[in-house]
Amino acid sequence: MSAATLRNRYLGDAVSTASPQRLLVMLYDRLALDLERAESALTTGDREQANNLLQHAQDIVLELQSSLQVESWEGGPRLSALYTWLHGELVRANVKGDLRRVGDCRKIVEPLRDAWREAAASLASSPA
958 MSAATLRNRY LGDAVSTASP QRLLVMLYDR LALDLERAES ALTTGDREQA
1008 NNLLQHAQDI VLELQSSLQV ESWEGGPRLS ALYTWLHGEL VRANVKGDLR
1058 RVGDCRKIVE PLRDAWREAA ASLASSPA
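At position 92 of the sequence shown (counting the first as 1) the number is 1049 in this note's numbering, and the numbers step up by one without a gap.
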């Protein structure tokens, strides 16, 4: 069995056995990584790679928005609006190759990722 096959199996198992909180953190981790890599690709002039990464980031934001239960909590509508803004900025960043917009998105995503990570860790450590 190849290393790539083993890696894919491991990742599939990690996703299929993760709690909803952990899945959310995994999505945010990948979103932040995509933005970091897209920023780097734009800096070096690799528009093709930046395009791929920004499209993947857009897909993640759409997934986050579609899975958001807006009415379940007070902050839901604001988070949904933020996802809408973020998606639009990612599209514009991709179309224009706008490094500043990618950086602005990172400034929003990274603190959100950290907050969700802390919340997930808090839930995991609290008694059931």
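Where is the CB? At the ideal position from N, CA and C, for every residue including glycine. All values derive from a computational prediction rather than experimental measurement.
- Going by DSSP, W1042 is part of the alpha helix (DSSP H) stretching over 1033 to 1053.
- Burial state of L1011 is buried, judged by a 10 Å Cβ sphere holding 16 or more other Cβ atoms.
- Taking a cut-off of 8 angstroms for Cβ pairs, the stretch 988 to 1000 and the stretch 1061 to 1070 touch, as three or more such pairs fall below it.
- Per DSSP, reduced to three states, the secondary structure at W1030 is coil, with no helix or strand assignment.
- Apart from the 5 residues on each side of it in sequence, E1020 sits with its Cβ closer than 7 angstroms to the Cβ of L984 in its chain, given in chain order.
- Of all alpha-carbon atoms in V1059, S1082, A1078, the one lying nearest the alpha-carbon of S997 is that of V1059.
- S1023 sits in a helix when the DSSP states are folded into three classes.
- Counting only the Cα atoms, A960 lies some 35 angstroms from I1065.
- In this structure, N1009 is the residue among E993, V982, L980, N1009 with its C-alpha nearest to the C-alpha of V1052.
- In this model, W1042 and P977 are separated by some 24 angstroms (Cα to Cα).
- The C-beta distance from L1047 to A1014 rounds to 5 angstroms, short enough to meet the 8 angstroms contact threshold.
- The criterion of a C-beta distance shorter than 9 angstroms is not satisfied by L980 and G1054.
- Separation of R1049 and D1061 (C-alpha to C-alpha, rounded to the nearest whole angstrom) is 12 angstroms.
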